[in-house]
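Enquirer: Per this note's numbering: the sequence shown = residues 2 to 284.
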Amino acid sequence: MKVVDTIPRMSTLVKIFKKEGKSISLIPTMGYLHEGHLSLFRAARKHADVVVASIFVNPIQFGPKEDFEKYPRDIKRDEQLAESAGVDVIFHPSANDMYPEGFSTFVDVAGLTDKLCGASRPGHFKGVTTVVAKLFHIVRPDIAYFGQKDAQQAIVIKKMAEDLNMNVEIKIMPIVRESDGLAMSSRNMYLSVSERKDAPVLYESIKKAESLIRSGEKDAAKLTKAMEDMIRIVPSAKIDYVSVVDAKNLEKVKMITGETLIAIAVFIGKTRLIDNIIVKGVK
Numbered sequence: 002m003k004v005v006d007t008i009p010r011m012s013t014l015v016k017i018f019k020k021e022g023k024s025i026s027l028i029p030t031m032g033y034l035h036e037g038h039l040s041l042f043r044a045a046r047k048h049a050d051v052v053v054a055s056i057f058v059n060p061i062q063f064g065p066k067e068d069f070e071k072y073p074r075d076i077k078r079d080e081q082l083a084e085s086a087g088v089d090v091i092f093h094p095s096a097n098d099m100y101p102e103g104f105s106t107f108v109d110v111a112g113l114t115d116k117l118c119g120a121s122r123p124g125h126f127k128g129v130t131t132v133v134a135k136l137f138h139i140v141r142p143d144i145a146y147f148g149q150k151d152a153q154q155a156i157v158i159k160k161m162a163e164d165l166n167m168n169v170e171i172k173i174m175p176i177v178r179e180s181d182g183l184a185m186s187s188r189n190m191y192l193s194v195s196e197r198k199d200a201p202v203l204y205e206s207i208k209k210a211e212s213l214i215r216s217g218e219k220d221a222a223k224l225t226k227a228m229e230d231m232i233r234i235v236p237s238a239k240i241d242y243v244s245v246v247d248a249k250n251l252e253k254v255k256m257i258t259g260e261t262l263i264a265i266a267v268f269i270g271k272t273r274l275i276d277n278i279i280v281k282g283v284k
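Set out below in structure tokens:
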């Protein structure tokens, strides 16, 4: 496995791969890898000749009061895990390389980014789409893999790739969970022992909504209330949002009929966690 830490070196390597006729898959990450990331690496291994994982804690997707400085980083640990899961190249650029002095160009997907997490984190998705667009241009992947846990991000990136005619297939892979249902996330390490016991309430509330839908409930307001009531019982939990939206345009729905995204963001203590599920109305 190669570790490449500059854009020019990565670009040179990509030219070699392309000249050899090799297909490339890319998995963008911010590092501190867990089983969710490794599942993406393994999936990519099955569908491309070269698997590239980027590890870059992207400063422009963090707000001024967010956790950029304390975001977990351990590149040596990440290298070992990535290699064990079949990664061929780690692209680990510096912030100065990605955003040199005078950098002033950003990618912004209008309409999808001011809802859900975008409402709580202004500017977040502009940072995400800008860095992913740069990674697509540098690595030139045939396929890029993302996790369903970041459902809004996946929808936004798909829209960006479609609108800008980026020649890359976007694959969205299922959420990987801990044994108690908590969606795997690098931020889970922030949780105290007691908070970690409380955190599965996100998944439990989503499963409650799914159960109600299977029983025939279609009213989004009733589903939202049931989830909120469950979450509020947990002492360390503070709801950011519980939303029932169209799975394509992220507009709120009153009744579940077609493909619907149930998405939640909850602070457990000071740690903001997200989760979601895609459901369909019962006829």
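Every residue gets a Cβ at the ideal spot worked out from N, C-alpha and C, and that includes glycine. These figures come from a predicted structure and were not determined experimentally.
Can you tell which of Ser95, Arg43, Val267 and Ile76 has its C-alpha closest to the C-alpha of Asn189?
Expert: Residue 189 sits at position 188 when you count from the first residue of the sequence shown. Residue Val267 is the option with its Cα nearest to Asn189.
Enquirer: Ignore the nearest five residues each way along the sequence and tell me which others in Ser195's own chain have a CB closer than 8 Å to its CB.
Expert: Here the question's residue 195 lines up with position 194 in the sequence shown. Around Ser195: Ser237.
Enquirer: Within 10 angstroms of its Cβ, does Met231 collect 16 or more other Cβ (buried), or is it exposed?
Expert: Against the sequence shown, residue 231 aligns to sequence position 230. Under this definition Met231 is a buried residue.
Enquirer: Along the chain, where does the alpha helix (DSSP H) that runs through Gly148 open and close?
Expert: Mapped onto the sequence shown, residue 148 falls at position 147. Taken as a continuous stretch (DSSP letters only), Gly148 belongs to no alpha helix (DSSP H), being part of the beta strand (DSSP E) at Ile144 to Gly148.
Enquirer: Which residue wins for smallest C-alpha separation from Ser85, given the options Val52, Ala227 and Ile263?
Expert: Mapped onto the sequence shown, residue 85 falls at position 84. When each option's Cα is compared against that of Ser85, the closest is Val52.
Enquirer: Would the beta-carbon of Glu260 fall within 8 Å of that of Ala248?
Expert: Residue 260 sits at position 259 when you count from the first residue of the sequence shown. Residue 248 sits at position 247 when you count from the first residue of the sequence shown. Cβ distance < 8 Å, so Glu260 and Ala248 count as in contact.
Enquirer: Whole beta strand (DSSP E) runs in the segment 62-146 with 3 or more residues, listed along the chain?
Expert: Those beta strand (DSSP E) runs which fall completely within the segment 62-146 and span 3+ residues are 90-92.
Enquirer: Mind checking which residues open and close the alpha helix (DSSP H) that includes Ala44?
Expert: Here residue 44 is taken as the residue at index 43 of the sequence shown, counted from 1. That run of the alpha helix (DSSP H) goes Glu36 to Arg46.
Enquirer: By Cβ distance below 7 Å, which residues in the same chain neighbour Arg273 in space, the five residues on each side in sequence not counted?
Expert: For the purposes of this step, residue 273 is identified with residue 272 of the sequence shown, where counting begins at 1. Excluding positions up to five away in sequence, the list reads Asp241 and Ala266.
Enquirer: Hey, is the segment 149-156 in contact with the segment 2-18, meaning 3+ C-beta pairs nearer than 8 Å?
Expert: Taking 8 Å as the limit for Cβ pairs, the verdict is that the segment 2-18 does not touch the segment 149-156.
Enquirer: Grouping DSSP H, G and I as helix and E and B as strand, with all else coil, what is Leu262?
Expert: On the sequence shown, residue 262 is found 261 positions in, with the first residue counted as 1. Three-state result, Leu262: strand.
Enquirer: From the DSSP secondary-structure annotation, give me the bridge partner or partners of Met256.
Expert: What you label residue 256 is simply residue 255 of the sequence shown in a count that begins at 1. Paired residues: Asp220.
Enquirer: Taking 6 Å as the limit between beta carbons, can you name the residues of its chain near Ser79, skipping five residues before and five after?
Expert: As a position in the sequence shown, residue 79 is number 78, starting the count at 1. The amino acid occupying residue 79 in the given sequence is Asp; Ser does not appear at that position. Closer than 6 Å at the Cβ level, and outside the excluded window around Asp79, lie Gly32, Leu34 and Ile56.
Enquirer: With H, G and I counted as helix, E and B as strand and the rest as coil, what does DSSP make of Ala152?
Expert: Here residue 152 refers to the residue found at position 151 when the sequence shown is read from its first residue. Here Ala152 sits in helix by DSSP.
Enquirer: By Cβ distance, which residues of its chain are closer than 6 Å to Glu170, with the 5 residues on each side in sequence left out?
Expert: Mapped onto the sequence shown, residue 170 falls at position 169. Cβ neighbours of Glu170 beyond the five flanking positions: Ile144.
Enquirer: Asp98 and Thr7 - do their beta-carbons sit closer together than 8 Å?
Expert: Locating residue 7 in the sequence shown gives position 6, counting from the first residue. Locating residue 98 in the sequence shown gives position 97, counting from the first residue. Going by C-beta atoms, Thr7 is nearer than 8 Å to Asp98.
Enquirer: Find out if the Cβ-Cβ distance for the pair Leu183, Ala200 is shorter than 8 Å.
Expert: For this step, residue 183 is matched to residue 182 along the sequence shown. For this step, residue 200 is matched to residue 199 along the sequence shown. Closer than 8 Å, so yes.
Enquirer: Below 8 Å CB to CB, which residues in the same chain sit around Val129 once its five sequence neighbours on both sides are set aside?
Expert: Residue 129 sits at position 128 when you count from the first residue of the sequence shown. Contacts found: Asn59, Gln62, Gln154, Val157 and Ile158.
Enquirer: Let's test the definition: count the other Cβ atoms within 10 Å of the Cβ of Phe147 and tell me whether it reaches 16, buried, or not, exposed.
Expert: The residue you call residue 147 lines up with position 146 of the sequence shown. With 16 or more Cβ atoms within 10 Å of its Cβ, Phe147 is classed as buried.
Enquirer: Can you check whether the CB of Arg122 is closer than 8 Å to the CB of Gly64?
Expert: Numbered from 1 along the sequence shown, position 63 holds the residue referred to as residue 64. Numbered from 1 along the sequence shown, position 121 holds the residue referred to as residue 122. Yes, these two residues count as a Cβ contact at 8 Å.
Enquirer: Using the C-alpha atoms, what's the distance from Cys118 back to Lys226?
Expert: The count along the sequence shown starts at 1 and reaches residue 226 at position 225. The count along the sequence shown starts at 1 and reaches residue 118 at position 117. C-alpha separation (whole angstroms): 19 Å.
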